[in-house]
Amino acid sequence: MKLKLQQLLILFFVSVTIQAQVTLEREVKITDLAMYFNGVRNQNSTRQSGTEAYDYAYGPALSPHGDCIKNYKQYVFMTWYRGGKLDRHVMLTRYNTETGAMKTIEFPHQHTGLKGKWWIGETHNTIAIGISPLNGTIHMVYDMHAYTNSGAFTNDYFRYTYSVPNAAELSDEEFTLDKFVKDPIDGDYKHCTMDGVRDAPHYDRFTYPQFFLNNQGELFLTARDGTSHDGAQAFIKYDANATKWGRFTHFNALGAGSKGETNNWSIYGSIKYANGKIRAGFQRRLNTGSDKYQFQNGVYYAYSDDPSGASQWKNHKGEDMTYPLVKAEEVLVFEPGDLVETTAQNKVHIVSGFDWTVTDNEDVHIISRVKDNENNITKYIHSYKPNGASEFIISTDFNGAQALYTSGEYVYIIGLNSSGRPFVERAEGGTNLFTKVYEQTSGRRFSKGQVYIADGKLYYYLLENNATNNTTTTRTTYLQVIDLAVENGPKPFAVNLVTPTDNQSFNEGDNVQLYAIASADEGEITKVAFMVNDELLEEDATKPYILDWTPETTGTYQIKAVAYKTSGESITSTEVSIAVNEIDESDLTINTYRLQNTATGKFLVAANTAQPVTTSDSGEKEDWHWDFFKLTKDGKEYHNIDSKQNGVLRATGAGFAAGAFLVVSTTKSPTVEDSDKIWTVHYNENNKTFRFEAGTSKRYMYHDVDGNIYTKDVEETDARSIWKAIPTNQVLSVAEDFTQSSGIQIFPNPAKSSFNISLNKIGISEIVITDMLGKIVYETVTDLDRVEVARDHRFTSGVYIVKVTAKKSQAKIFYQKLVLE
C-alpha cells in the first residue's frame with residue numbers, strides 16, 4: 006500500500022536525519038498542583054463547596070493554556086493556576102535550563118471564574134507572559150473575556166502584572182514576589198492600566214492576549230478588543246527605556262457596520278512579528294445572521310511595512326489596504342466556504358484549526374478547516390505562498406493541525422499523537438511536503454500542550470493525562486525541551502534523500518516520491534539529479550527537489566540523489582534500496598476505491614444512517630469513496646465495505662421497512678461480523694471487475710432499473726451486478742467523470758512557461774490540476790474570467806488534467822487536457 010509522506014518516518018525519541026536529528030533534550034516536572042475543572046460543563050452551576058466537583062463553562066483544562074510560556078536567556082517562564090477549587094492562585098514558574106533549578110512565585114490574586122462566579126471554571130482566564138530583553142522586565146496580562154467596567158469587574162476589567170527591571174534574571178533567592186510592582190490604588194498586583202492612567206473604555210473588553218518581540222527586541226502585546234460579533238485586533242508597544250507602554254492601536258475598525266461595511270464583524274486570529282514585519286492573519290465573523298456561515302468565514306492576511314505597525318498595511322499582493330481595516334475583502338486570500346457544496350443557512354462551519362506563519366525566506370503559510378454540516382464533509386486546507394509567487398497555492402492535500410510554527414526556513418506542525426505523545430512534522434518553507442521528523446512512542450501521555458519556539462529549541466509545556474479518576478481538581482504538568490536541529494550560520498555542501506527511505510516497500514503501480522534537500526557552502530545549487538540503479542532518471546533545477554516516479558517493473562531499485570553547485574562540483578547522497586512488489590489485483594484492501602457499475606456507469610454513494618445508498622455520475626467526493634476490510638468468520642473470508650464518511654454497508658432482508666433487499670448505510674465501523682454486513686468479493690480476472698455477494702446468500706449488489714441498489718440473485722453476466730473498483734489516486738477518464746466542453750479554454754496549449762485558463766463567465770469556479778498519476782499540483786477557487794498560472798517547481802514536462810467545477814451551475818464540471826513542454 007502506498008504510504009503518505011507524513012507517515013514515512015516514525016522513530017522512538019529521534020528523527021530521521023534531514024540535516025540533523027531532532028532530539029529530546031530534557032523533560033522536567035513543573036507541578037502536581039495545576040488547577041483542573043473536574044466537574045461538568047454548566048454555566049449555571051451553584052456548587053461552591055470545596056468538596057463538590059469543579060464545574061466549568063467551556064473546557065476542563067486551564068493550565069497550560071494560552072500564551073503561557075516564554076524563554077529568556079537560559080530561563081523558561083511558565084504561568085499557571087494552582088488547584089484545588091478553593092485555592093486558584095496565580096503562579097509563575099521560572100526554570101533554569103543551565104542549572105536545572107526551578108523557582109515559583111505565588112501571587113495573591115486568584116482565578117476569577119465565569120463572570121466573577123469563582124466556583125465556575127473559565128478557560129478564557131489565561132495568563133499571557135512576555136519578557137523584555139531590553140530591560141529584563143516580566144509582563145503578565147490576563148484574558149478577561151471582554152468584561153466591562155461594571156458589576157464584579159468594576160475597577161477589575163483589565164489585569165496587568167509587571168516586574169521591576171532586570172527581575173527576569175535575578176538569582177533564585179532574589180526572584181520573589183516583591184520584585185513585582187503593586188497597584189498604587191488597590192495595593193495588589195493587578196493593574197487596570199498599562200500606561201498608569203485608568204481609562205476603562207481603552208482597556209476593557211479585551212480577550213486572547215499574546216506577547217511578541219520584533220527583531221530589535223521590542224516587546225509588543227496584542228489582544229482582541231470587543232465582542233464575538235464586533236471585535237478588533239489591537240496591539241501596543243512597550244518602551245523599555247521609559248519602562249512604559251504606549252496606547253493600543255486597532256488593526257481593524259470596531260463598528261464596521263456604521264463605517265462602510267454591511268454589518269459589524271469580529272476578528273479571529275492574531276498579529277505576529279515574522280521575518281522583519283508585523284503581520285496579521287485571521288478569519289472573520291460577519292454578523293449577518295442569514296448567510297451560509299455558522300460562525301467564521303474566509304482566510305485573510307496582511308502585513309505592515311512600518312516597523313511599528315502603525316501604518317503602511319498591505320494585502321498579500323502588496324496593495325495598500327484601508328487602515329484600520331473596515332472591509333475585510335481588501336485582504337482576502339480565499340474563501341474556504343467555496344470548497345464545500347452547501348449553500349444552506351448556517352451550514353458552513355469554519356472554527357478551529359486556523360493558524361499562520363512566515364519563514365525567514367518570506368514563505369507565507371496558513372492552515373484552516375471547513376466543514377459542510379449539510380453533507381457531513383470536512384476539509385483541511387493548507388494555503389501557502391512561496392517567496393516570489395504572486396498568489397497563494399490552496400491545497401486540501403493536508404491532514405490538518407491546530408497550529409503552525411517557524412524556525413529558520415522551515416515550517417513545523419507540532420502536536421500530540423493519538424497516544425498523547427509529542428510529534429513534530431517539518432516542511433521546507435513554500436512547500437506542502439510535511440515529513441514527520443520526530444515522534445515519541447513510549448513514556449508519559451499528555452492531554453494538551455502549549456508550544457514556544459526560540460533559537461531552534463521547542464519548549465513544550467504539557468498537561469499529563471495522569472488522572473485515574475475524576476475526583477481531583479489538580480493535575481501534573483511537564484516541560485519538554487526539544488532541539489529542532491535548525492542549523493545556523495553557513496550551510497555545508499550536502500544533499501540528503503528524504504524519501505523514499507531505505508528498505509521501503511511499494512506495490513506495483515504505486516507512485517514513488519523522490520524528495521531531496523540540498524545546500525551549498527559556496528555559490529548556489531544548480532540542480533539535483535535523481536539516479537536509479539546508477540542511471541539518470543531525471544533532474545530538477547528548482548526547489549523543492551522532487552520527482553514523482555512510477556517504476557515500470559517489479560523488483561529492487563537502488564536510488565540516490567546527486568547535487569551540483571555553481572562551480573560544477575557535485576556531491577552524492579547515501580544510497581537507499583526499495584522493493585516494488587507485484588500486487589494481487591483482486592485484493593481490494595490495498596487502496597481506497599470508487600465503485601462504478603458497469604451497466605449504468607453510475608458511482609456508489611453512501612447515505613445517512615439506515616438509509617438506502619444512492620448513485621452519482623461522479624466519483625469525486627469523499628463520501629463516494631470505499632475501503633474494504635478483510636475478516637474471517639466460520640473459517641471463510643469476507644469483507645466489510647466501508648464508506649470513507651459513513652459506516653459499513655448492510656444488505657437488508659425481505660422485511661426491511663424501507664423496501665425489500667435494499668443496500669443501506671450504517672453507523673458501524675469495520676470490522677464487524679454481523680451476518681447482514683459481511684460481503685464475499687468475487688473477482689473476474691479477464692475483465693478486472695467485481696461482484697459483491699451478501700455473505701453467502703447468492704444475492705449480489707445490483708443497480709436496478711428503478712435507480713435503487715438491491716441485492717439480487719442474478720446471472721453472473723448481468724452487468725448491473727458487475728462493478729469496477731477504481732482507485733481514488735487514479736484520474737478518471739473523460740467518459741467516466743467529466744463533461745468535455747468549450748466552456749473553458751487553455752492557452753497557450755502546449756505551453757512552455759505560464760498558461761491561462763479562460764472560464765467564459767461561468768462564475769465562482771474551483772480549478773484543480775492533476776498530473777497523470779492523480780497527484781494534485783494546483784488548486785484555487787476564483788470568480789475571475791481568466792486565471793494565469795505560473796509554471797513553477799510544481800510543474801514538470803508532461804500531460805496534466807485541468808478540471809473546472811462551476812460552483813453556481815449545479816456543480817457542472819469542465820475538462821481539458823494541458824501539455825507542458
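Residues in the sequence shown are numbered consecutively from 6, following my numbering.
Positions of the beta carbon are idealized from the N, C-alpha and C atoms, including for glycine.
Rounded separation between residue i and residue j - CA only
i	j	result
Ala-659	Ala-58	52 Å
Trp-554	Ser-395	29 Å
Ala-261	Ser-271	9 Å
Ala-39	Gly-454	13 Å
Leu-825	Tyr-562	29 Å
Thr-267	His-234	13 Å
His-5	Asn-154	Here the chain comprises residues numbered 6 to 826, so residue 5 is not present and cannot be evaluated.
Asn-3	Tyr-41	Residue coverage of the chain in this structure runs from 6 to 826, which leaves residue 3 outside it and unanswerable.
Glu-178	Thr-36	20 Å
Tyr-477	Gly-294	The sequence given here has Thr at residue 477, not Tyr. Cα-Cα distance, rounded: 41 Å.
Thr-56	Asn-43	12 Å
Ser-591	Asn-516	20 Å
Gln-601	Leu-609	6 Å
Cys-197	Lys-90	26 Å
Thr-481	Gly-88	11 Å
Thr-571	Ala-546	12 Å
Phe-760	Glu-771	17 Å
Arg-290	Arg-426	34 Å
Environment of residue i [buried if 16+ CB atoms lie within 10 Å]
i	result
Lys-808	buried
Pro-341	buried
Glu-827	Because the chain is modelled from 6 through 826, residue 827 falls outside the range shown and cannot be assessed.
Leu-541	exposed
Asp-742	Note that Asp-742 scores 40 on pLDDT, short of 50, meaning its location in the model is unreliable and no value can be drawn from it.
Asp-230	buried
Phe-752	exposed
Leu-182	exposed
Glu-30	exposed
Ser-423	exposed
Arg-252	exposed
Glu-557	exposed
Glu-444	buried
Assumed close pair residue i, residue j - CB separation to whole angstroms, cut-off 8 Å
i	j	result
Asp-681	Ala-665	Actually they do not touch by this definition, with Cβ atoms about 13 Å apart.
Asn-171	Gly-135	Contact flag wrong, Cβ pair sits at about 15 Å.
Leu-489	Leu-468	22 Å between Cβ atoms; not a contact.
Tyr-273	Gln-301	6 Å
Ala-499	Ala-521	Contact doesn't hold; Cβ gap of about 10 Å is too wide.
Thr-694	Lys-641	About 22 Å; that fails the 8 Å criterion.
Asp-790	Ile-769	Rounded, the Cβ-Cβ distance is 12 Å, inconsistent with contact.
His-129	Glu-111	Not confirmed; about 22 Å, so no contact.
Tyr-152	Tyr-162	5 Å
Ile-781	Asp-343	About 16 Å; that fails the 8 Å criterion.
Val-567	Thr-577	5 Å
Ile-4	Glu-690	The requested residue 4 does not occur in the structure, where the chain is confined to residues 6 to 826.
Check: residue i C-beta below 7 Å from any heavy atom of the ligand ADP
i	result
Gly-44	In terms of ligand content, the structure shown is empty, and the ligand ADP therefore cannot be addressed.
Proximal residues to residue i (C-beta, below 6 Å), its chain only, five neighbours per side dropped
i	result
Tyr-569	Thr-531, Lys-532, Ser-575
Thr-383	Lys-376
Ala-432	Val-416, Leu-438, Phe-439
Thr-411	Thr-362, Thr-364
Ala-459	Asn-76
Phe-17	With a pLDDT of only 24 at Phe-17, under 50, the local geometry of the prediction cannot be trusted, and the value read off the model is given with reservation. Counting only Cβ-Cβ distances below 6 Å, and skipping sequence neighbours, we find Thr-446.
Proximal residues to residue i (C-beta, below 7 Å), its chain only, five neighbours per side dropped
i	result
Gly-405	Gly-358, Arg-374, Tyr-385
Val-710	none
Lys-673	Gly-652, Val-653, Lys-682
Tyr-77	Ile-136, Pro-138, Ala-173
Lys-635	Thr-594, Glu-642, His-644
Asp-311	Gln-317
Within the stretch 624–681, ranges of the beta strand (DSSP E) (whole runs, at least 3 residues): At a cut-off of 3 residues, the continuous stretches assigned as beta strand (DSSP E) that sit fully inside the stretch 624–681 are 631–638, 641–648, 654–656, 668–670.
Give, in chain order, every unbroken run of the beta strand (DSSP E) that is at least 3 residues long and sits entirely within the stretch 255–285. 270–279, all fully within the stretch 255–285.
My parser needs the beta strand (DSSP E) runs of 3 or more residues fully inside the stretch 424–461; what are they? You should have 427–433, 440–444, 451–459.
Which full runs of the beta strand (DSSP E) of 3+ residues lie inside the stretch 475–549, going along the chain? Annotation: the stretch 475–549 contains the following complete segments of the beta strand (DSSP E) (minimum length 3 residues), in chain order: 479–488, 499–504, 509–512, 517–524, 530–537, 540–545.
May I have a chain-ordered list of the beta strand (DSSP E) segments no shorter than 3 residues that lie completely inside the stretch 570–611? Fully enclosed beta strand (DSSP E) runs of 3 or longer: 575–577, 581–586, 598–602, 608–610.
At 3 residues or longer, what runs of the beta strand (DSSP E) sit wholly inside the stretch 319–397? Listed in chain order, the complete beta strand (DSSP E) runs (minimum 3 residues) inside the stretch 319–397 are 337–339, 360–363, 369–377, 382–390.
With a floor of 4 residues, list each alpha helix (DSSP H) that falls wholly inside the stretch 178–215, ordered by position along the chain. Here the runs fully enclosed are 205–208.
Tell me the start and end of each unbroken beta strand (DSSP E) in the stretch 775–805 that is at least 3 residues and wholly inside, in chain order. For the stretch 775–805, whole beta strand (DSSP E) runs of length 3 or above, ordered along the chain, are 781–787, 791–794.
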